[in-house]
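Some notes on the structure that comes next.
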Amino acid sequence: MPGGLDSVTNDAIRRRRWIATSAIVLVVLLVSTVPELLLGRRGTSPRLFYLTTEAPIVIVSLSLHYEWASRRRVSTGRSLATSVAIATILGMAVAASCFLLLRGMHIEFEPERHFSLGRAITFGALSGILQCAVWSLGFVYPFAAEDARLRTLEADKHRLEAEKLKLEAEHLRGAAELANLRSQLEPHFLLNTLNAIAGLVTKHPKEARRLLGNLGDLLRDSLRDPEETQTLADEVRWLHRYAEILESRHSDVLRFHWEFADGARSVLVPRLLLQPLVENAVNHGALKRGSGGEVAVRITVEGSTDGEHAIVCTVEDNGPGLPAGEPRTGAFGLHSVRRRLALRCAGATLQLESTSNGTRATVRLPQQPKKSPRHDVEAA
Numbered sequence: 027m028p029g030g031l032d033s034v035t036n037d038a039i040r041r042r043r044w045i046a047t048s049a050i051v052l053v054v055l056l057v058s059t060v061p062e063l064l065l066g067r068r069g070t071s072p073r074l075f076y077l078t079t080e081a082p083i084v085i086v087s088l089s090l091h092y093e094w095a096s097r098r099r100v101s102t103g104r105s106l107a108t109s110v111a112i113a114t115i116l117g118m119a120v121a122a123s124c125f126l127l128l129r130g131m132h133i134e135f136e137p138e139r140h141f142s143l144g145r146a147i148t149f150g151a152l153s154g155i156l157q158c159a160v161w162s163l164g165f166v167y168p169f170a171a172e173d174a175r176l177r178t179l180e181a182d183k184h185r186l187e188a189e190k191l192k193l194e195a196e197h198l199r200g201a202a203e204l205a206n207l208r209s210q211l212e213p214h215f216l217l218n219t220l221n222a223i224a225g226l227v228t229k230h231p232k233e234a235r236r237l238l239g240n241l242g243d244l245l246r247d248s249l250r251d252p253e254e255t256q257t258l259a260d261e262v263r264w265l266h267r268y269a270e271i272l273e274s275r276h277s278d279v280l281r282f283h284w285e286f287a288d289g290a291r292s293v294l295v296p297r298l299l300l301q302p303l304v305e306n307a308v309n310h311g312a313l314k315r316g317s318g319g320e321v322a323v324r325i326t327v328e329g330s331t332d333g334e335h336a337i338v339c340t341v342e343d344n345g346p347g348l349p350a351g352e353p354r355t356g357a358f359g360l361h362s363v364r365r366r367l368a369l370r371c372a373g374a375t376l377q378l379e380s381t382s383n384g385t386r387a388t389v390r391l392p393q394q395p396k397k398s399p400r401h402d403v404e405a406a
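Throughout, the working numbering is defined as the position within the sequence shown, counted from one, plus 26.
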């Protein structure tokens, strides 16, 4: 379809140019003949014969050359220089031909003056240059702006196509990175969860069976919803089940606290976004206390003076804090959260604060599109 539109546009411009060519020829003929006819100067009728012959030949030839130069993308300066040369040569050739033809017919240009072949050729050259100037003003100049506009539109079209291809490439790259993060994240969680259940199999088989059923619900929920995003209500429900497994394994030393603002329930987030933060808070914070470990998960809505709102997700533990300068095994989880935020949540941030009284991970999300949650999350 775009190619058809370009063809229609080019045909319209070509028609307008040939209409302009015809108009220029007509004007030149009128300017050359009408004054002579009105004055009744019969002695110059051979000159009129020359002008009426030369004008169509020169102007049509110049127009054909311009069409050829436009298709070949010849520069404007080179095209005009060639046009002047064509007009000069054709003017000289037509003048010489007319002079010899009329001399052979024993018709003089000016009976009272001697009109030689050299003077005829000089007159033809000057006449050709003059007609080239008239042709340039009437044919080239009016369409130069149109040509420049079309070239600009074509350049913009190519630029937009290049930007579109670039965006598609970035989208595919982002999708590949998300798939890679997902493939690393879910087995990572599954391994840790199965290890937690394994510790209960011999001592508390009934509890282990209950937690295995809970784990099955988690996995079925993951398979049932293949979309990369889910509501915060679904995210927190999933974390509740995950927390039940951890609390059952560490019943004497671990406790979860939940706070969930109603206005944030239908906000969309990447699936399992907060799971690495909860896992780090448990393994590298609360469980380091030995007893009385606590993890608080808070999701609140913060407003600003300009009327915009932000969703703030906080995962906080009361552990001993993070040792400075030491590599941590939970670094992968933080990296995955940052990458997923960068890929899917424009303007979102992850901030980590740690003191000797605990560590707080805060995810701040600009107000995201919402959808009606399929389930509701019961307060713990």
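Note that beta-carbon positions come from the ideal geometry of N, C-alpha and C, so glycine has one too.
Exposure label - Leu226; buried when at least 16 CB within 10 Å: Within the sequence shown, the letter at position 200 stands for residue 226. Label assigned to Leu226: buried.
Whether Ser87 touches Leu116 by CB criterion (7 Å): Here residue 87 refers to the residue found at position 61 when the sequence shown is read from its first residue. Here residue 116 refers to the residue found at position 90 when the sequence shown is read from its first residue. Yes; because the gap between Cβ atoms is below 7 Å, this pair is in contact.
Buried or exposed by the 16-neighbour rule on C-beta atoms within 10 Å, applied to Glu138: Position 112 of the sequence shown, counting from 1, holds the residue named residue 138. Because the pLDDT of Glu138 is 41, which lies under 50, any placement of that residue in the model is unreliable, and the question is left without a value.
Limits of the unbroken alpha helix (DSSP H) element including Leu258: Taking the first residue of the sequence shown as position 1, residue 258 is located at position 232. Looking at the DSSP string, the run of the alpha helix (DSSP H) that includes Leu258 is Leu258 to Arg275.
Beta-carbon proximity list for Glu328, same chain, < 7 Å, skipping 5 on both sides: Looking up residue 328 in the sequence shown gives position 302. Excluding residues within five positions, the ones whose Cβ falls inside 7 Å are His335, Ala336 and Val338.
Environment of Ile85 [buried if 16+ CB atoms lie within 10 Å]: Here residue 85 refers to the residue found at position 59 when the sequence shown is read from its first residue. Under this definition Ile85 is a buried residue.
Proximal residues to Lys229 (C-beta, below 7 Å), its chain only, five neighbours per side dropped: Working through the sequence shown from its first residue, we reach residue 229 at position 203. Same-chain partners within the cutoff: there are none.
Bounding residues of the beta strand (DSSP E) (the contiguous stretch that carries Arg324): If you number the sequence shown from 1, residue 324 lands on position 298. Taken as a continuous stretch (DSSP letters only), the beta strand (DSSP E) holding Arg324 covers Gly319 to Gly329.
Buried versus exposed, by CB contacts within 10 Å (16 or more), Asp260: Sequence index remark: in the sequence shown, residue 260 carries index 234 (1-based). Answer is buried; the Cβ neighbour count reaches 16.
DSSP-derived helix/strand/coil call for Leu298: On the sequence shown, residue 298 is found 272 positions in, with the first residue counted as 1. Coil.
Where the alpha helix (DSSP H) through Ser380 begins and ends: Residue mapping note: residue 380 aligns to position 354 of the sequence shown, counting from 1. Element bounds for Ser380: not the alpha helix (DSSP H) but the beta strand (DSSP E), Thr375 to Thr381.
Meets three-Cβ-pair contact criterion under 8 Å: the stretch 313 to 321 and the stretch 266 to 282: yes
Option in Phe149, Val160, Thr108 and Ser142 with minimal Cα separation from Val120: Numbered from 1 along the sequence shown, position 94 holds the residue referred to as residue 120. Out of Phe149, Val160, Thr108 and Ser142, Phe149 has the C-alpha closest to the C-alpha of Val120.
Leu272 versus Gly373: straight-line alpha-carbon distance, rounded: Sequence index remark: in the sequence shown, residue 272 carries index 246 (1-based). Sequence index remark: in the sequence shown, residue 373 carries index 347 (1-based). In a straight line, the C-alpha of Leu272 is about 32 Å away from that of Gly373.
Closest Cα partner of Ser292 within the set Arg275, Asn383 and Leu258: In the sequence shown, residue 292 corresponds to position 266, counting from 1. When only C-alpha atoms are compared, the closest one is Leu258.
Among Ala181, Ala122 and His91, nearest to Cys158 - alpha-carbon criterion: To locate residue 158, count along the sequence shown from 1; it is residue 132. The candidate whose alpha carbon is nearest that of Cys158 is His91.
Same chain, Cβ closer than 6 Å to Val323, neighbours up to 5 away in sequence not counted: In the sequence shown, the residue the question calls residue 323 occupies position 297. Same-chain partners within the cutoff: Trp284 and Val341.
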